[in-house]
Amino acid sequence: MITVNMHEAKTRLSELVKAVERKRETVVICRNGQPVAQLTGAPRCPVNRLKTYPDLKPISVDYDPTEPLTEDEWPDEYR
């Protein structure tokens, strides 16, 4: 566990976050010698959010989505 005062935490924030991230350290931030905050690592995500799932198929758009709709293409409730 790393204990730092408020000023030191502001000065060394990147270094402290790196210690939490890489070494799974806990950082306690103090004000006037009293602990006021704790910096700990976030839970690791077991699912790869960037993975492409085989159920998803490529999408093709057969029109220009920036082109305005014609009068016939608007739904009746919006005319």
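With the first letter of the sequence shown counted as 1, position 56 gets the number 65 in the numbering used here; the numbers rise by one all the way through. Ideal Cβ placement from N, Cα and C applies to all residues, glycine included.
Residue i to residue j span [Cα, whole Å]
i: Asn14; j: Ile68; result: 53 Å
i: Thr12; j: Ala46; result: 10 Å
i: Asp81; j: Tyr87; result: 11 Å
i: Ala28; j: Asp64; result: 39 Å
Proximal residues to residue i (C-beta, below 7 Å), its chain only, five neighbours per side dropped
i: Thr33; result: The amino acid at residue 33 is misidentified as Thr; the sequence shows Arg. Answer for Arg33: Gly50, listed in chain order.
First and last residue of the uninterrupted beta strand (DSSP E) at residue i
i: Val13; result: 11-14
Own chain, CB closer than 6 Å to residue i, minus 5 neighbours either side, in chain order
i: Thr35; result: Met10, Thr49
Residue span of the alpha helix (DSSP H) that contains residue i, given as start and end
i: Ala28; result: 22-32
Any 3 or more C-beta pairs closer than 8 Å across the stretch 58-71 and the stretch 31-45:
Note that the stretch 58-71 does not touch the stretch 31-45; fewer than 3 beta-carbon pairs, one per stretch, sit closer than 8 Å.
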